[in-house]
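Participant: All letters in the sequence shown, in the order written, are residues 0 to 285 by numbering that gives the first Met the number 0.
In this text, a Cβ means the ideal position worked out from N, Cα and C, and glycines have one as well.
Bear in mind that the values here come from a model prediction, so they are computed numbers and not experimental data.
Right, I'll just put the structure down here and ask away after.
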Amino acid sequence: MTIQWFPGHMTKARRQIQEKLKLIDLVIELIDARLPLSSRNPMIDEILQGKPRMIVMNKADLADPAVSQEWIVYFKEQGHAALQVDAQTGTGIKDIPVQAKLLLKEKIDRQLAKGINPRAIRALIVGIPNVGKSTLINRMAGRNIAATGDRPGVTKAQQWIKIGEIELLDTPGILWPKFEDQNVGYRLAVTGAIKEEILNVEDVAFFGVKYLVQYYWDTMAERYGLTEKPQDIENPNEIVEVMEAVGRKRGCIVSGGHVDLEKASLVILRDLRAGKLGRLTLESPY
Ligand code: GDP
C-alpha cells in the first residue's frame, strides 16, 4: 500500500518516532541497497536527535555488490555503522546484534566499570514504506510478528522482541521519502517502492532503461537479445527504441504492428524489480 504523505502525516510520524526514541539505545535505519540515498528520509539526522544509529542496507540480494561495498565505506566514513542484509532470506542479519554491541561498547563499558550489569540493548527499526521493515523484524524474530506491508490505522500495544542480546520494538517507525525531487520519485518508482501509477509508467520505465543502458547494458542486452547499443543516451529517441525493441521481443504489439509501449514498460519494470536484469544499484556514492 502506498501511503500518501501530507504535512500532518509527517508531523505525526515524526512525533511517534521521537516518542519511541526515549525508550531505546539505538536506531536501525533501514534503507534500500539499490538506492541508498533516495530511500532515506530527508530529515533523518534531525529526527533522530543524535541517537546512535546503524544503517542497514536491505535487499542487498538485488543490488550491485561492488556498489554496495562502496556505500558501506561511504557511510562508515560518515561515522555510521553500516552493513548489508537480505531480510527475505536472512543473509547478514546475524551481524546486526554484533554491530549494535560494538556501537554501544563505550556506554556498556562505562556501566560495567561502575558495577552495573547492562540491560539488553533496545533498538527501533525506522525506514520508508516498502524498504523491508516488517520482513526484517519477522526474520530477526524467527516468526511472524509484524504484518508486512503498511496498515495505517492499525494500532496495537508495543512489544519488545528479544533477539539474543538486543530487544527490538515490534512496530517500526515509518518515515517519508524525499519525493520532492523528481529523480528520487523516479528511482523509488523504478524499484517499486512507490507505485508507478503515481507517475507515468512509460516515464518510469524510460528512466530505468536509460540508467540500464548507461551502466548495465550487457545484462539487459542479453536478457532481451538486443544488439544495438544506443550511441547517445541523452537522445530520448534512442532510449525509446530500446524500449520498443524489448516490446517487439516480448510480443507487446497493438493492431497495426506498433509496439505497445505501456506493456513493454511494464515488462521491463517487472523484470528489473525481480532481479531478472541482474543485480543493480541506481545510485553511487562517488
Ligand atoms: P515495509 O513496508 O518496510 O514493512 O516493507 P515489507 O517488509 O512489507 O517489504 C516490502 C517488500 O519487499 C515485500 O514484498 C518483501 O517481500 C520485499 N523484501 C523485503 N526484504 C527484502 C530483501 O532483502 N530482498 C528482497 N528481494 N525483497 C525483500
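Is any heavy atom in the ligand GDP found nearer than 7 Å to the beta carbon of GLY126?
Facilitator: Correct: GLY126 has its Cβ closer than 7 Å to the ligand GDP.
Participant: By the three-class DSSP mapping on this structure, what secondary structure does ASN129 have?
Facilitator: DSSP places ASN129 in coil when its eight states are reduced to three.
Participant: Is THR170 close to the ligand GDP? I mean its beta-carbon at under 7 Å from any heavy atom of the ligand.
Facilitator: Not under cutoff, so the answer is no.
Participant: Buried or exposed for MET56, going by 16 or more other Cβ atoms inside 10 Å?
Facilitator: With 16 or more other Cβ atoms within 10 Å, it is buried.
Participant: Mind checking whether VAL212 and LYS228 have CB atoms under 8 Å apart?
Facilitator: Against a cut-off of 8 Å, the Cβ pair of LYS228 and VAL212 comes out as a contact.
Participant: Grab the span of the beta strand (DSSP E) containing TRP159 for me, first residue to last.
Facilitator: That run of the beta strand (DSSP E) goes 159 to 162.
Participant: For SER264 versus VAL189, is the C-beta spacing smaller than 8 Å?
Facilitator: No, the pair does not count as a contact, with Cβ atoms beyond the cut-off.
Participant: Looking at GLU28 and GLY131, is the spacing between their C-beta atoms short of 8 Å?
Facilitator: Cβ atoms of GLY131 and GLU28: not closer than 8 Å.
Participant: Taking 7 Å as the limit between beta carbons, can you name the residues of its chain near ARG269, skipping five residues before and five after?
Facilitator: Same-chain partners within the cutoff: there are none.
Participant: Terminal residues of the continuous alpha helix (DSSP H) containing ASP202?
Facilitator: Taken as a continuous stretch (DSSP letters only), the alpha helix (DSSP H) holding ASP202 covers 200 to 214.
Participant: Short of 8 Å in beta carbon distance, which residues of its chain neighbour LEU101, apart from the five on each side in sequence? Order them along the chain.
Facilitator: Excluding positions up to five away in sequence, the list reads ALA80.
Participant: Near LEU279, what residues of its chain come up, given a Cβ to Cβ distance below 6 Å and the 5 sequence neighbours on each side ignored?
Facilitator: Around LEU279: ASP63, TYR215.
Participant: Give me, in chain order, the residues of the same chain whose beta-carbon lies closer than 7 Å to that of TYR295; leave out the 5 immediate sequence neighbours on both sides.
Facilitator: Nothing about residue 295 can be read from this structure; the chain reaches only from 0 to 285.
Participant: Going by Cα to Cα distance, which pick from LYS50, GLU243, TYR285, LEU187 is closest to VAL266?
Facilitator: Nearest option by C-alpha distance: GLU243.
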